[in-house]
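Chemist: Numbering (full-length UniProt numbering), first residue to last: 1 to 58. Every residue gets a Cβ at the ideal spot worked out from N, C-alpha and C, and that includes glycine. A quick note: this is a predicted structure, and the numbers were derived from the prediction, not measured. Before we start, here is the structure in question, set down as structure tokens.
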């Protein structure tokens, strides 16, 4: 079973997160030839203060 993990800043609505997960699942299943019902996807929201690039938080 494929497992997709998405991490992003907090703030999107529940509906938007559902849309993102559905779109990612569809894209992966089409590209990989996998059954979308067996594709697992998790979206984790991270506060900007806990996310850094080059050692600097957002």
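1) With 16 as the cutoff for other CB atoms within 10 Å, does residue 39 come out buried or exposed?
2) Judging by CA-CA distance, which residue of 3, 11, 28 is the nearest neighbour of residue 46?
3) How would you write the range of the beta strand (DSSP E) that residue 10 sits in, first residue to last?
4) Considering only DSSP beta bridges, list what residue 46 is partnered with.
5) Going by C-alpha to C-alpha distance, which of 51, 56, 28 sits closest to residue 9?
Modeler: Looking at the coordinates:
1) buried
2) 11
3) Run containing residue 10: none; DSSP gives neither H nor E here.
4) 9
5) 51
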